[in-house]
DNA sequence: GCGACAG
DNA sequence: ATCTTGTCGC
């Protein structure tokens, strides 16, 4: 997989904001997807002691959620965590990660927000526009916007509003569990996004895709933490 | 000025 | 995100 859009990553926060404003105009907020046979989850874990990070992706069958492919990439942190510029911290590593994938997924569920962002260009939207691929933002916590608690049943949801603007949904993926924040990433409607998040959510709060990516990332880290040296 | 602030 | 013990609940 290769990006269809190219832009520098070694930029200042000010330049990053200008870039977001320009690229945000390319986000497609309606359904523009074909048959969904495979879904991918992406996750990034950090290890402060080494300024190192692990980006991981797991591609699964959309119906059975069985693993089709999984990859991980170890890199270093170059951009600081700045609320609103999150994608500039994680995407450089994710781009390297995706260059190794052989199965292009039909849909990607991201850990973080899509257009539920000050400039309507969170991580999921940025990734989607970069690869012109359908993406969903599925965050564990709110970034911007307000919502009232959805009814306490799996599948119930309530709108996430930035003033009068509907920017996402608080979706209850399990009963008695805090809702996740779903938003349009790229080439998908909010309704369809919620549908696929529910489809990928089976026994836990988060989609299996992100859980599997998180698990693979941890596994990759443990495996490379203490390299095995064969005795001579 | 003060509080909030995806991962 | 990560640093971390106990603790409440099914």
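In my numbering, the protein residues as written are 74 to 305. For each residue, glycine too, the CB sits at the ideal point set by N, CA and C. For clarity, every value in this text was computed on a predicted model and none was experimentally measured.
> Can you give the Cα-Cα distance for residue 93 and residue 128, rounded to whole angstroms?
Replying inline: One C-alpha to the other measures close to 22 Å.
> Since residue 231 contacts residue 222 with CB under 8 Å, what's their CB separation in whole angstroms?
Replying inline: So it is a contact: roughly 7 Å between Cβ atoms.
>> Which complete beta strand (DSSP E) runs does the segment 220-256 hold, if anything under 3 residues is left out?
In response: Taking only runs of at least 3 residues, the beta strand (DSSP E) segments lying wholly in the segment 220-256 are 230-235 and 238-244.
>> I need the DSSP call for residue 289, collapsed to helix, strand or coil.
In response: The answer is helix: DSSP assigns residue 289 an H, G or I state.
>> Could you give the first and the last residue of the continuous beta strand (DSSP E) run that contains residue 142?
In response: Looking at the DSSP string, the run of the beta strand (DSSP E) that includes residue 142 is 140-149.
>> Just to confirm the assignment, what range does the alpha helix (DSSP H) spanning residue 265 have?
In response: Looking at the DSSP string, the run of the alpha helix (DSSP H) that includes residue 265 is 263-273.
>> Spatial neighbours of residue 302 within its chain, please: C-beta separation below 7 Å, excluding the five flanking residues on both sides.
In response: Confidence at residue 302 is low in this model, with a pLDDT of 48, below 50, so the placement of that residue is unreliable and no value is reported for it.
>> Give me the residue from 216, 249 and 246 with the minimum Cα distance to residue 240.
In response: With distances taken between Cα atoms, residue 240 lies closest to 216.
>> Alpha carbons only, please: which of 238, 166 and 179 is nearest the one belonging to residue 191?
In response: Comparing Cα-Cα distances from residue 191 to each of 238, 166 and 179, the minimum goes to 238.
> If you run the structure through DSSP and keep just helix, strand and coil, what is residue 305?
Replying inline: Model confidence at residue 305 stands at a pLDDT of 33, short of 50, so the residue's coordinates are unreliable; what they give is reported in the following sentence. Three-state DSSP puts residue 305 in coil, outside helix and strand.
> If you draw a straight line from the alpha carbon of residue 100 to that of residue 277, how long is it in whole angstroms?
Replying inline: Answer to the nearest angstrom: the Cα atoms are 30 Å apart.
> For residue 109 versus residue 179, is the C-beta distance shorter than 8 Å?
Replying inline: Cβ distance < 8 Å, so residue 109 and residue 179 count as in contact.
> Which word fits residue 224, buried or exposed, when buried means at least 16 other C-beta atoms lie within 10 angstroms of its C-beta?
Replying inline: Residue 224 is exposed by the Cβ-count criterion.
> What residue range is occupied by the uninterrupted alpha helix (DSSP H) comprising residue 204?
Replying inline: Following the DSSP letters along the chain, one finds residue 204 inside the alpha helix (DSSP H) bounded by residues 196-204.
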